[in-house]
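Novice: I'd like to ask some things about the structure below.
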Amino acid sequence: MNGAESIRAIVVGVLPSLTRVRVEAEARPTEDVERVKRAILNVFAPERIWVEDLGRGYRLVVAESYSLRGLLRLHERLRRERILDAARGYMLRGIDQGVLVFRLNKQAAYVGRVSLVDMDAEAALGPITFIVEHRDPRAVVDWLAPPTRMGRPLYENPMPED
471 MNGAESIRAI VVGVLPSLTR VRVEAEARPT EDVERVKRAI LNVFAPERIW VEDLGRGYRL
531 VVAESYSLRG LLRLHERLRR ERILDAARGY MLRGIDQGVL VFRLNKQAAY VGRVSLVDMD
591 AEAALGPITF IVEHRDPRAV VDWLAPPTRM GRPLYENPMP ED
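For the sequence shown, position 130 (counting from the first letter as 1) is numbered 600 according to the working numbering, and the numbering increases by one without interruption.
Set out below in structure tokens:
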């Protein structure tokens, strides 16, 4: 366990409700930063959003929320587009050491659609990356994308507590 993992273990032990959702998308030199922000905001409701300069014309748009409520837009879009099973599979594969990571196609998000991607290379202009830190990432997946039968959710879990 490295230093950062030790600190996180202590903090999680003291504050078991620690939740953070961080969303990132690179804005390449040919991209309009405002369009990248719009793509993020179409699928996520952050408490704060900012832009970091990466140099050589590249920027990183970062958005954060300290509650799962920031994911309500994504929750709704997954149901509207009827892609719960596909989303569930992607998300379950993205759970590692108490963190859920998944990626969306930035161009699809800009037009209000949800398209999950496995790797950065699948999105020509780079993906939107979601990093969800929660005490029970599996419960987050069960809420966002429950299992379905014939395209309908078998159950709807309430949003996990922060």
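All C-beta atoms, glycine included, are put in the ideal place defined by N, C-alpha and C. Computed from a prediction, not measured in an experiment: that's the story for all the values here.
For the beta strand (DSSP E) containing I601, list its first residue and its last residue.
Specialist: Taken as a continuous stretch (DSSP letters only), the beta strand (DSSP E) holding I601 covers P597 to E603.
Novice: Apply the 10 Å Cβ neighbour rule to E501 and answer buried if 16 or more other Cβ atoms are within range, or exposed otherwise.
Specialist: Looking at its Cβ environment, which holds 16 or more other Cβ atoms inside 10 Å, E501 is buried.
Novice: Is it a yes or a no for the stretch 574–586 touching the stretch 552–563, going by three-plus beta-carbon pairs under 8 Å?
Specialist: Flag = yes, the stretch 574–586 and the stretch 552–563 touch.
Novice: Between P607 and the rest of its own chain, which residues show a CB-CB distance below 7 Å, the 5 nearest in sequence each way excluded?
Specialist: So the qualifying residues of the chain are I565, G568, V569 and L570.
Novice: Can you give me the C-alpha to C-alpha distance between P628 and V503, rounded to a whole angstrom?
Specialist: C-alpha separation (whole angstroms): 34 Å.
Novice: Closest to G621 by CA distance: which of G540, A557, Q577 and A509 is it?
Specialist: G621 has its Cα closest to that of A557, out of G540, A557, Q577 and A509.
Novice: Taking its Cβ as the centre, do 16 or more other Cβ atoms sit within 10 Å of M589, making it buried, or is it exposed?
Specialist: M589 is exposed by the Cβ-count criterion.
Novice: Are G559 and K576 closer than 8 Å when you measure CB to CB?
Specialist: It is not a contact, given that the beta carbons lie outside the stated cut-off.
Novice: Looking at C-beta atoms only, is the number of pairs between the stretch 507–527 and the stretch 607–616 that lie closer than 8 Å three or more?
Specialist: The answer is no - the stretch 607–616 does not touch the stretch 507–527, with fewer than three Cβ pairs under 8 Å.
Novice: Rounding to the nearest angstrom, what Cα-Cα distance links I601 and Y625 in this structure?
Specialist: I601 and Y625: Cα-Cα distance of roughly 25 Å.
Novice: Give the secondary structure of I565 by DSSP, where H, G and I count as helix, E and B as strand, and everything else as coil.
Specialist: Strand.
Novice: Straight-line CA distance for G540 to A578?
Specialist: Rounded to whole angstroms, G540 to A578 spans 19 Å at the Cα level.
Novice: Let's see if you can read the secondary structure: which residues bound the beta strand (DSSP E) around R518?
Specialist: Segment R518 to G525, the beta strand (DSSP E) holding R518.
Novice: The alpha helix (DSSP H) that contains E504, what's its start and end?
Specialist: First-last of the alpha helix (DSSP H) with E504: V503 to V513.
Novice: Based on Cα-Cα distance, which residue from P516, E494 and L530 lies nearest to F572?
Specialist: Considering only alpha carbons, the answer is E494.
Novice: Could you check whether T489 and D612 sit closer than 8 Å to each other, using their CB atoms as the reference points?
Specialist: No, the pair does not count as a contact, with Cβ atoms beyond the cut-off.
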